[in-house]
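Visitor: Using this note's numbering, the letters of the sequence shown correspond one by one to residues -12 to 139.
Backbone N, C-alpha and C fix where the C-beta goes; we use that ideal spot for every residue, glycine too.
Mind having a look at this structure? Questions to follow.
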Amino acid sequence: MKHLHAKCLKAALEATRCQGLRQVTGDHFTATIDGAAFNADDVQGFISFGVKIVVGVINEGNNRRYISVAADEDLGDGEHDVSLDGKVTIGYMIENAGEPNLEYPAESGRAHICGEGNQQEFSGSFNVKLIEESPYKEIEATFKVANLHRLA
């Protein structure tokens, strides 16, 4: 994953653990992972390190599952390639209490990104293939977050 995207993802995941952030009505992150539904309990968007990122979270007790979409802040609206170190990166992460996080980045695919004209909104859709080592193969999703939080 691109260095700045990884740095922004780390900061965004830490911020999603913060109780002070509130999801805006109408925000959503809906996906299928190999055909199984992923409907986020919480959706948060951030701008940091020149990157816009949206994180969809499913809370399962002490465990959490995340899908993240990161795009360079200067990226225009439209269709873009997804790759491990491109301008758009996508990943699936599983966080089980007391165990190392499992991370499965997208190796290839396409994303439709919207938000260039509105610095506070970030939305889009994507269909990606995860890395070969992943037990999961494909994610298809739509997302929208109306309010991006600026991280230090």
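1. With distance defined between alpha-carbon atoms, name the residue in Ala57, Ala93 and Glu94 nearest to Ser110.
2. Out of Glu86, Tyr91, Ala84 and Pro87, point me to the one whose CA is closest to Ile77's CA.
3. Is Glu47 helix, strand or coil when you go by DSSP?
4. Identify which residue in Glu82, Phe113 and Ala23 has its Cα closest to the Cα of Glu1.
5. Can Leu62 and Ile100 be called in contact, C-beta distance under 8 Å?
6. Within 10 Å of its beta-carbon, does Asp72 have 16 or more other beta-carbons around it, so buried, or fewer, so exposed?
7. Tell me the rounded alpha-carbon separation between Asp68 and Val41.
8. Please state whether DSSP places Glu86 in a helix, a strand or coil.
9. Kindly identify the DSSP beta-bridge partner or partners of Leu135.
10. Helix or strand or just coil, what does DSSP make of Thr129?
11. Restricting to Cα atoms, I'd like to know which of Phe33, Leu117, Leu(-9) and Glu119 is closest to Lys131.
12. Pairing CB atoms from the region 113 to 120 with CB atoms from the region 38 to 54, are three or more of them under 8 Å?
Guide: The answer reads as follows:
1. Checked all of Ala57, Ala93 and Glu94; the closest Cα to Ser110 is Ala57.
2. Ile77 has its Cα closest to that of Tyr91, out of Glu86, Tyr91, Ala84 and Pro87.
3. Of the three classes helix, strand and coil, the one that applies to Glu47 here is strand, per DSSP.
4. For the options Glu82, Phe113 and Ala23, the alpha carbon positioned closest to that of Glu1 is the one of Glu82.
5. Taking 8 Å as the Cβ cut-off, Leu62 and Ile100 qualify as a contacting pair.
6. By the neighbour-count definition (other C-beta atoms within 10 Å, threshold 16), Asp72 is an exposed residue.
7. C-alpha separation (whole angstroms): 17 Å.
8. Residue state, collapsed to three classes: coil.
9. Gly32.
10. Correct three-state label for Thr129: strand.
11. Here the closest residue by C-alpha is Phe33.
12. Counting Cβ pairs under 8 Å, fewer than three are found: no touch.
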